[in-house]
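Numbering (our numbering), first residue to last: 170 to 934.
Positions of the beta carbon are idealized from the N, C-alpha and C atoms, including for glycine.
Fair warning: this is a prediction, and the values are worked out from it, not measured in the lab.
Below you'll find the structure, written out as structure tokens, and then a few comments.
As structure tokens, this is what we get:
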């Protein structure tokens, strides 16, 4: 691919096959293997002593928050190991002793590096000094921090309008960094603040806002311990949120039941061997899912409708299956829902789900007699055209059971990246919040823009159409995280300047605008020192608790800078010293930032003091059964249509998934032991009968194509693996298959990409 910068870089990396090995999938999560792999990875990346010292302080009250997922810490964390395998891998990945400096880039051009796989790029090491890629050049060169800040300010001042700049945020950033970043964009005059939640849980936020009045979940960690039933829909906690398994184990030991709803039966929901007790080492572990419902991809709505219809039939007999007092007092829309459900035939709904009626009847029998119910979910519900409706339908089930706003009940969207929820809470949002704008004006002294900015989909289009000239990323790997990889790459290359505030090398550092900057920042595990004194920052977990995080390791280099300080220096370079916000002081004093967060961000109060130790919960109206912000002051029972997927005879439904050796777009290794795949990622999981029907054999090579709006997209060279997955369904790893996801097909109202329900064909090579 050739860009205006005349660089021939690859957005795909290597497509060469490795020596793939297949074994039987592992029938449990964690255990001895998990401990071994965690320590093996961290010891290799950062040494034995640094590893053990750091692991003992991760997720502790006086330590640092895990840079991986957003699962909350218990009130009394284990003093030995309050981390999981993937958290340990994230730590080792961040604190690696391998470094990437100017000399590395002098030897390696961006064109050469772009031919490496994403795994190989990540293994290059930590970024340790600021770098610039000049127009026409293929080698990054060193640049001073001051020159980098002045370059950004100069390019921003050339813009015809502030909306020609886009400021993307990844979930790893602290509340302090995200707050400054959002305020800088607004002070500049734009709400172009896309963030990673646009690509994952935006559907959750929209659905929960429409039905319950807040775009966050309502449960606390402790609620899971004594829940009677936990439904886990479209989520694989064993790989994506491993510490959640400890909470499920407590639920099971207290007599609770777990229902798994997912096309794949994942190891973590089969059995969990907790390495913190003897049964996890030499015993049989804890069996997890009491019922597994292998639903067809994106057929959750017909599944829930059928469950509701069967519960209604039971309630009409006994009158006590649903919580009618709760429904009358707190909800609106019950009669309309009953009327709508009556339109559907049980047999047709059952056929759509692909699940046996016996399994559904067992689920109904279990739910009928229970009231302490929690629904947990992740991308398997959100990344569909009807992602918002998927979640609203599960909320219907909770509302009819009165399982909202009470102990051991509620909604539990499990966020995929540490502090992605905190970013939104402190103001990273592309839409206009009049209350927020008013507080900014009153307390910060400038008038923010009152027009909507672009989200991730809008930013991709703006760059592709040449309407955006500057693209800045606070963390993340935007190119590989976004949908429609080739389209996104061309858009990025249209920019005049791209800026990456990063810890590790990734593909977005190689597919750039005419000029590109890499600004290296400290990691979660590293000390943040200013004038010889340590500083701390705050984060918000997946359940709304704000707490402090304090790094303990020496920074990778004396040339890296903290995220808040980088942003503050950009602000000072652009605005000077006469702006209402004192950028110089804010970059030095995080307590000053937190005091401004308390004034401007909704729900934050006395954060400096209250965030110590276990931290504090932000207000949550659902926990107080307060629905005053909704129509008639009631939680909304909603009518949701069935999904519409018209597949041609040669088409399949593909969902993108993670391997066990990755976190989001970061590839730690090439093994997925839970699914029995070793030394390979370009694979596609397929039903054996489907393979037989079209003459495919194990490890045959295929191209995967998707056709939307007469445009054919292709993911090249994947090996077919027979696997237990419903007929007509396929699964394959992202980001390799993100190239298949069309940029202009997304969830209604949330614009989350359809990464979990892509219509594809297989072309045998």
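For residue i, which residues of its own chain have a beta-carbon under 6 Å away from its beta-carbon, when the five flanking residues on both sides are left out?
| i | result |
| --- | --- |
| residue 903 | 825 |
| residue 374 | 384 |
| residue 490 | 480, 483, 484 and 537 |
| residue 591 | 344, 708 and 709 |
| residue 616 | 610 |
| residue 798 | 382 |
| residue 936 | One cannot answer for residue 936 here, as it falls past the ends of the chain, which runs 170 to 934. |
| residue 299 | 312, 314, 317 and 688 |
| residue 561 | 376, 380, 807 and 809 |
| residue 539 | 397 and 398 |
| residue 400 | 428 and 544 |
| residue 868 | 888 |
Grab me the residues of residue i's own chain with a C-beta within less than 8 Å of its C-beta, minus the 5 sequence neighbours each way, in chain order.
| i | result |
| --- | --- |
| residue 914 | 554, 877, 922 and 923 |
Would you kindly report the start and end of the unbroken beta strand (DSSP E) that includes residue i?
| i | result |
| --- | --- |
| residue 744 | Segment 732-744 is the alpha helix (DSSP H) holding residue 744; no beta strand (DSSP E) there. |
| residue 821 | 821-826 |
| residue 855 | 852-855 |
| residue 704 | 702-704 |
| residue 461 | 460-462 |
| residue 759 | No beta strand (DSSP E) holds residue 759; the alpha helix (DSSP H) holding it covers 759-769. |
| residue 698 | 697-699 |
| residue 579 | 579-582 |
To which residues of the same chain is residue i closer than 7 Å at the C-beta, ignoring the five residues directly before and after it?
| i | result |
| --- | --- |
| residue 783 | 230, 244 and 716 |
| residue 679 | 178, 279, 282 and 283 |
| residue 808 | 505, 506 and 509 |
| residue 670 | 642, 643, 644, 688, 690, 732 and 735 |
| residue 621 | 360, 599, 600 and 601 |
| residue 556 | 372, 550, 916, 919 and 921 |
| residue 275 | 308 |
| residue 353 | 736, 739 and 740 |
| residue 932 | 871, 872 and 874 |
| residue 820 | 928, 929 and 930 |
| residue 838 | 830 |
| residue 696 | 703, 720, 721, 722, 723 and 724 |
| residue 667 | 640, 661, 681, 682 and 685 |
Start and end of the alpha helix (DSSP H) containing residue i?
| i | result |
| --- | --- |
| residue 288 | 287-291 |
| residue 238 | Where residue 238 is concerned, there is no enclosing alpha helix (DSSP H), given that its DSSP letter is neither H nor E. |
| residue 504 | 503-510 |
| residue 542 | Here residue 542 belongs to no alpha helix (DSSP H); instead the beta strand (DSSP E) covers 542-546. |
| residue 318 | 314-326 |
| residue 476 | 469-487 |
| residue 519 | 515-522 |
| residue 380 | 371-381 |
Please confirm whether residue i has its beta-carbon closer than 9 Å to some beta-carbon of chain B.
| i | result |
| --- | --- |
| residue 209 | No chain B appears in the structure shown, which is made up of a single protein chain. |
Residue i bridges to which residues according to DSSP?
| i | result |
| --- | --- |
| residue 120 | The requested residue 120 is not part of the displayed model; the chain covers only 170 to 934. |
| residue 295 | 268 and 673 |
| residue 668 | 641 and 686 |
| residue 198 | 441 |
| residue 500 | 804 |
| residue 398 | 426 and 542 |
| residue 880 | 877 |
| residue 900 | 824 and 854 |
With DSSP as the reference, label residue i as helix, strand or coil.
| i | result |
| --- | --- |
| residue 653 | coil |
| residue 205 | helix |
| residue 885 | strand |
| residue 847 | strand |
| residue 596 | coil |
| residue 171 | With a pLDDT of only 38 at residue 171, under 50, the local geometry of the prediction cannot be trusted, and no value is derived from it. |
| residue 799 | coil |
| residue 429 | strand |
| residue 456 | strand |
| residue 354 | helix |
| residue 187 | coil |
| residue 712 | coil |
At a cut-off of 8 Å, would you count residue i as near the ligand COA, judging by its Cβ distance to the nearest heavy atom?
| i | result |
| --- | --- |
| residue 350 | Ligands displayed in this structure: none; no statement on the ligand COA is therefore possible. |
Problem set entry | Contact between the stretch 425-433 and the stretch 453-468 (3+ Cβ pairs under 8 Å) | These segments touch.
For this session: Would you check if the stretch 729-740 and the stretch 343-357 touch, i.e. whether three or more CB-CB distances between them fall below 8 Å?
Result: With a cut-off of 8 Å, the stretch 729-740 and the stretch 343-357 count as touching, because enough Cβ pairs lie within range.
Exercise. Below 8 Å, can you find three or more Cβ-Cβ pairs linking the stretch 437-448 to the stretch 576-592?
Worked result: As far as the Cβ criterion goes, the stretch 437-448 does not touch the stretch 576-592, which means the pair count is below three.
For this session: For the stretch 844-859 and the stretch 298-314, state whether three or more C-beta atom pairs, one from each stretch, are separated by less than 8 Å.
Result: Here the stretch 844-859 does not lie against the stretch 298-314, with fewer than 3 beta-carbon pairs under 8 Å apart.
Exercise. Do the stretch 538-549 and the stretch 397-411 meet, that is, are 3 or more Cβ pairs less than 8 Å apart?
Worked result: Segments in contact, yes.
Exercise. Are the stretch 283-297 and the stretch 178-194 touching by the rule of at least three beta carbon pairs closer than 8 Å?
Worked result: Short answer: they touch.
Exercise. Are the stretch 239-255 and the stretch 879-891 touching, with three or more C-beta to C-beta distances below 8 Å?
Worked result: No, because fewer than three Cβ pairs between the stretch 239-255 and the stretch 879-891 fall closer than 8 Å, the two stretches do not touch.
Exercise. Just checking, does the stretch 210-227 make contact with the stretch 254-264 on the three C-beta pairs under 8 Å criterion?
Worked result: Three or more Cβ pairs closer than 8 Å define a contact, and the stretch 210-227 meets that threshold against the stretch 254-264.
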